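S.K.: Please see the structure below; I have some questions.
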Amino acid sequence: MAKKQFKTESKKLLDMMVNSIYTHKEIFLRELISNASDAIDKLYFRSLTDDSVTLKHDDYEIRIAADKDARTLTVSDNGCGMTKDELENNLGTIAKSGSFDFKKGDENQAEEIDIIGQFGVGFYSAFMVADNIKVMSRAYGADEAFVWESSGADGYTVKACDKPDHGTVIILHIKEDTDDEKYAAYLETYRIRELIKKYSDYIRYPIRMLTEHRHKKDDSDEYETVKEDETLNSMIPIWKKSPSEVSDEDYNNYYKDKFGDYEAPIKVIRQKTEGSADYTALLFIPSHTPYDYYSREYEKGLQLYSSGVMIMEKCKELIPDHYSFVKGLVDSADLSLNISREMLQHDRQLKIIAKALEKKITSELSKMLKTDREKYETFFKAFGAQLKWGIYSSFGANKDTLQDLIMFTSSNDKKLTTLKEYVERTAEEQKKIYYAVGESIEKISLLPQVEAVLAHNYEVLYLTEDIDEFALQILREYDGKEFLNVCTENLDLADDADKEKLKEANEGAKDVFEFIRDSLSGAVAKVQYTNNLHNHAVSLSSEGALSVGMEQILNKMPGAEDQHIKAETVLEINVDHPIKDKLNDLFENDKDKLRDYSKILYAQARLVNGLSIDNPAEIADLVCSLML
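FYI, the numbering for the sequence shown is 761 to 1388, going by the numbering used here.
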């Protein structure tokens, strides 16, 4: 029989599809199973209105068979089957879809039944792994069966064949192995089982395969190989079961199995919506940070299903970066899938779902914060830095979403507190939210400026993570109160009389300050008196947007070695400390010693602020010389 030719554009499309459209060859089995499910759906739907169709729902099945010797993989179903014309139209013309026509024929049908395939090209993905394909089909109620056969773009044949029952049988002759591809793996039971679990576990009809198992003989140490008819898919997704049918243990086991975690999630979020976007979501918030979470290898994203068939393993568009720790899935029949069914057209529907998911996660985290503080703090210790990063990286665009979810340690009780809780505790006349930055709570507590603020009965937030101050600088204020780093020259705790006294003292010591600054060879931008150091002699503060803490963090980042970033630091001297008079005396009588004193005071200020000293040997020698 002479081969019939694909149309020119169909040849090009077939070549493009096999070589480029599909990223992973393994999805061919998903496509064939989805098509089989569609065929069964059509016949089952027909049975609802046609008494001549006597099959019940439990009578339908999809079967898989592998023959290693013949190198064939067979996928069969007992669905509606195809006539000769349908074989010609559906398989002879690429991108012709029987499923699409079935849906389009009656708009009301879309509400009654889900049809997975709409583009008619998924079948041809089988040519990625097969060098010959036979499709034997008999339409339900027809007297004849036909076989469509093709080896690829060179064409196809259609002829009558013997097939006693309705339905379709697809026989793939698997390609020979190459150095790059081991096609024989698709004939292995374990690989077939693995692919069905990954992509087609929730097809609503049983996918069965005759598999071999070794069993111990009764009253014997010998084993025998027994063939069993195994159902490879679970059919009913956990997210489609009624919530009353699913226990916490069920959710935990599902999460551990599907997402490879050894601990149960700290929160399970289930959402089903109808309206502008119809979808079901099952989300999990891990109880701990994944080992690779802050590495380049980590990929965010939710699994994406369409009517129970997995389309993408990690759809990153469904989850914002600040919630990248969330695991889970979305199942929707409404998404516009492109020709390969692997990728999404970035349409309005996807954006609506993503926005709704973000809102739901925010709501559930807020609820956890209010109703289960201990659990929320456990979550925050694992992922709080990511929430703060979400504020910083979006330049405040996510402020309204995240600012009430972030927490910092408070000077009140050394426990975590929210910004809202901090503000609720402040007196009305307090216009600032005070914070300090350091390596640890213990070191921050020892800062002179912190002691001064606490002495005025103001609460201080202790920032110990690298991202903390960056996030607060983006926020700028909360509930009308500005954030203020206590280690900046803007710290103003004095009353008007003390301010005037300090101003006069600074004016009178300009020459002394200039000499000290020159002695430090530009290490500080300026020198000044302050009344914010409590009982301490000196400290460092900063002026401008870049603090000393931020300077340290930026200089630790990769690539910063060649461009040393420096904050504008200020050497602050306690105006009420006896050291002030000593410096004035040295300026008048012994400038050489004042130069040494300046270096020692600067080193002392750096140590007080938790910073290292550039030349500790020089400082040690200077201290020893002053002791003699």
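The beta-carbon is built from N, C-alpha and C at its ideal position, and this holds for glycine as well.
Quick caveat, the model's predicted, so the values are computed rather than measured.
Rounded to the nearest angstrom, how far is the Cβ of residue 1330 from that of residue 1270, given a contact under 8 Å?
M.R.: About 14 Å; that fails the 8 Å criterion.
S.K.: If the criterion is Cβ atoms closer than 8 Å, does the pair residue 1231 and residue 1151 meet it?
M.R.: Going by C-beta atoms, residue 1231 is nearer than 8 Å to residue 1151.
S.K.: Whole alpha helix (DSSP H) runs in the stretch 1127-1200 with 4 or more residues, listed along the chain?
M.R.: Within the stretch 1127-1200, the complete alpha helix (DSSP H) runs of at least 4 residues are 1133-1153, 1159-1162, 1179-1185.
S.K.: Could you name the residues of the same chain whose beta carbon sits closer than 8 Å to that of residue 957, not counting the 5 residues immediately before and after it, in chain order?
M.R.: Excluding positions up to five away in sequence, the list reads 992, 993.
S.K.: Say whether chain D places a C-beta atom closer than 8 Å to the C-beta of residue 1385.
M.R.: In summary, chain D is missing from the structure at hand, where a single protein chain is found.
S.K.: Which class does residue 989 belong to by DSSP, given the choice of helix, strand or coil?
M.R.: Correct three-state label for residue 989: strand.
S.K.: For residue 1178 and residue 1129, I'd like the C-alpha separation in whole angstroms.
M.R.: Whole-angstrom Cα-Cα distance: 10 Å.
S.K.: Apply the 10 Å Cβ neighbour rule to residue 1250 and answer buried if 16 or more other Cβ atoms are within range, or exposed otherwise.
M.R.: Exposed, by the Cβ-count rule.
S.K.: Out of 1118, 1095, 1123, 1337, point me to the one whose CA is closest to residue 1080's CA.
M.R.: Of the listed residues, the one whose Cα sits closest to residue 1080 is 1118.
S.K.: Per DSSP, residue 834 is paired with what?
M.R.: DSSP lists 825, 931 as partners of residue 834.
S.K.: Evaluate the contact criterion for the stretch 958-973 versus the stretch 807-815: three or more CB pairs, one atom per stretch, below 8 Å.
M.R.: Cβ pair count under 8 Å is below three, so no.
S.K.: Hey, how far is the Cα of residue 954 from the Cα of residue 787?
M.R.: Residue 954 and residue 787: Cα-Cα distance of roughly 12 Å.
S.K.: Which first and last residues belong to the beta strand (DSSP E) in which residue 1245 is found?
M.R.: Taken as a continuous stretch (DSSP letters only), the beta strand (DSSP E) holding residue 1245 covers 1241-1245.
S.K.: Going by the beta-carbon positions, is the gap between residue 1299 and residue 1197 smaller than 8 Å?
M.R.: For residue 1299 and residue 1197, no; Cβs fall outside 8 Å.
S.K.: Please name the residue, chosen from 828, 789, 1047, that lies closest to residue 937 on a Cα-to-Cα basis.
M.R.: The option with the nearest alpha carbon to residue 937 is 828.
S.K.: Can you tell me which of the three DSSP states residue 1063 falls into?
M.R.: In the structure shown, residue 1063 sits in a strand (DSSP, three-state: E or B).
S.K.: With distances taken between CB atoms, is the gap from residue 1113 to residue 1039 smaller than 8 Å?
M.R.: Cβ atoms of residue 1113 and residue 1039: closer than 8 Å.
S.K.: Residues in its own chain within less than 8 Å of residue 1356 by CB, not counting five upstream and five downstream?
M.R.: The residues are 1382, 1385, 1386.
S.K.: For residue 1164, is the beta carbon positioned less than 7 Å from some heavy atom of the ligand COA?
M.R.: Because no ligand of any kind appears in the structure shown, any question about the ligand COA cannot be addressed here.
S.K.: Between residue 1049 and the rest of its own chain, which residues show a CB-CB distance below 6 Å, the 5 nearest in sequence each way excluded?
M.R.: The residues are 1142.
S.K.: Can you give me the C-alpha to C-alpha distance between residue 764 and residue 1083, rounded to a whole angstrom?
M.R.: Spanning the two alpha carbons is a distance of roughly 53 Å.
S.K.: Is residue 1226 closer than 8 Å to residue 1313 when the C-beta atoms are compared?
M.R.: In this structure, residue 1226 lies closer than 8 Å to residue 1313 by Cβ.
S.K.: Please list, in chain order, all residues of the same chain as residue 1335 whose beta carbon is under 7 Å from its beta carbon, the five residues on each side excluded.
M.R.: Within the same chain, residue 1335 has close Cβ partners 1262, 1265, 1289, 1290, 1291.
S.K.: Can at least three beta-carbon pairs, one atom from the stretch 940-952 and one from the stretch 814-829, be found at a separation below 8 Å?
M.R.: With a cut-off of 8 Å, the stretch 814-829 and the stretch 940-952 count as touching, because enough Cβ pairs lie within range.
S.K.: So, residue 1169 versus residue 1199, is the Cβ gap smaller than 8 Å?
M.R.: The answer is no: Cβ separation not under 8 Å.
S.K.: Nearest-angstrom Cα distance between residue 1354 and residue 1365?
M.R.: When rounded, the distance between both Cα atoms is 16 Å.
S.K.: Secondary structure at residue 1248, three-state DSSP: helix, strand or coil?
M.R.: Strand, per DSSP.
S.K.: With DSSP run on the structure shown, which of helix, strand or coil describes residue 1043?
M.R.: Three-state DSSP puts residue 1043 in a strand.
S.K.: With a 10 Å radius around its C-beta and 16 neighbouring C-beta atoms as the bar for buried, classify residue 1022 as buried or exposed.
M.R.: Result: exposed.
S.K.: Contact check, residue 844 vs residue 918 under 8 Å by CB: the rounded distance?
M.R.: At roughly 6 Å, the Cβ-Cβ gap stays under 8 Å, so residue 844 and residue 918 are in contact.
S.K.: Is the distance from the Cβ of residue 926 to the Cβ of residue 964 below 8 Å?
M.R.: Their beta carbons are not under 8 Å apart, which means residue 926 does not touch residue 964 by this criterion.
S.K.: Going straight from the alpha carbon of residue 1378 to that of residue 1388, what length do you get?
M.R.: Using only the alpha carbons, I get a separation of about 16 Å.
S.K.: Can you tell me where the beta strand (DSSP E) holding residue 1224 begins and where it ends?
M.R.: Neither: residue 1224 is in no beta strand (DSSP E) and is coded neither H nor E.
S.K.: Measuring only the C-alpha atoms, how far is residue 1246 from residue 1166?
M.R.: Whole-angstrom Cα-Cα distance: 20 Å.
S.K.: Can you tell me where the alpha helix (DSSP H) holding residue 1342 begins and where it ends?
M.R.: Counting along the chain, the alpha helix (DSSP H) containing residue 1342 begins and ends at 1339-1349.
S.K.: Cα-Cα, which of 1156, 1072, 1257 is closest to residue 784?
M.R.: Ranking the options by Cα distance to residue 784, first place goes to 1072.
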